[in-house]
Amino acid sequence: MRLSSGFVLTAALAAALATGPGAGAAPAHPSSDPTPPGATYTARFDNVDVDQILNSKRRFDNYFNCLMDKGKCDPDAKELKRLLPDALRTDCEKCTPVQRDAANTVIEYTFSSRPAEWSQLSAKYDPEGVYWTGPQ
Numbered sequence: 390m391r392l393s394s395g396f397v398l399t400a401a402l403a404a405a406l407a408t409g410p411g412a413g414a415a416p417a418h419p420s421s422d423p424t425p426p427g428a429t430y431t432a433r434f435d436n437v438d439v440d441q442i443l444n445s446k447r448r449f450d451n452y453f454n455c456l457m458d459k460g461k462c463d464p465d466a467k468e469l470k471r472l473l474p475d476a477l478r479t480d481c482e483k484c485t486p487v488q489r490d491a492a493n494t495v496i497e498y499t500f501s502s503r504p505a506e507w508s509q510l511s512a513k514y515d516p517e518g519v520y521w522t523g524p525q
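Below you can see the structure in the form of structure tokens.
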């Protein structure tokens, strides 16, 4: 499965969740990303072990609950939540290559292993179905 034109759950779900050009409607949440055009998101998350997060129910659930406004957000999850709408809208154009790879990993895992969470995230961050076209 690859990210397609329009989808990003970024920068890592973890960054749960990122990438693709948002041709069409804007995301449900306005962007609050101050990153200048042509720049990338902070690389501080490039060393995050996404597999470790995905393999820990507690850590995955913490990110998920933060993104869904169901729990507290640690600083990393809070940053992801802030950047996610912009990443969706812009096809993750400000993501580093490492963040794009992490996003693919997170999306593949969540789509196949946590379908209930995937459905909730999609309903919240892509309610019109503009960013995600399904597995490819």
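So the sequence shown is numbered by the numbering used here: it starts at 390 and just counts up by one. Positions of the beta carbon are idealized from the N, C-alpha and C atoms, including for glycine. Quantities reported herein were computed from a predicted structural model and do not represent experimental measurements.
{"Query": "Please list, in chain order, all residues of the same chain as valine 487 whose beta carbon is under 7 Å from its beta carbon, the five residues on each side excluded.", "Result": "Asp435"}
{"Query": "Given a cut-off of 9 Å, decide if alanine 476 and tyrosine 430 are closer than it, judged by their beta-carbon atoms.", "Result": "yes"}
{"Query": "Give the single residue among Asp438, Arg478, Arg503 whose Cα lies nearest to the Cα of tryptophan 521.", "Result": "Arg478"}
{"Query": "What is the rounded straight-line gap between the Cα of glutamine 441 and the Cα of tyrosine 452?", "Result": "13 Å"}
{"Query": "Leaving out five residues before and five after asparagine 454 in sequence, what residues of the same chain have Cβ atoms less than 7 Å from its Cβ?", "Result": "Gly460"}
{"Query": "Ignore the nearest five residues each way along the sequence and tell me which others in leucine 456's own chain have a CB closer than 6 Å to its CB.", "Result": "Lys470"}
{"Query": "Return the residue from the list Arg433, Leu473, Leu443 that minimises the CA-CA distance to lysine 513.", "Result": "Leu473"}
{"Query": "Under three-state DSSP, which class holds threonine 429?", "Result": "coil"}
{"Query": "Would you mind working out which of Asn444, Arg503, Val439, Ser445 sits nearest aspartate 490, comparing C-alpha positions?", "Result": "Val439"}
{"Query": "Can the beta-carbon of leucine 443 be found less than 9 Å from the beta-carbon of threonine 494?", "Result": "yes"}
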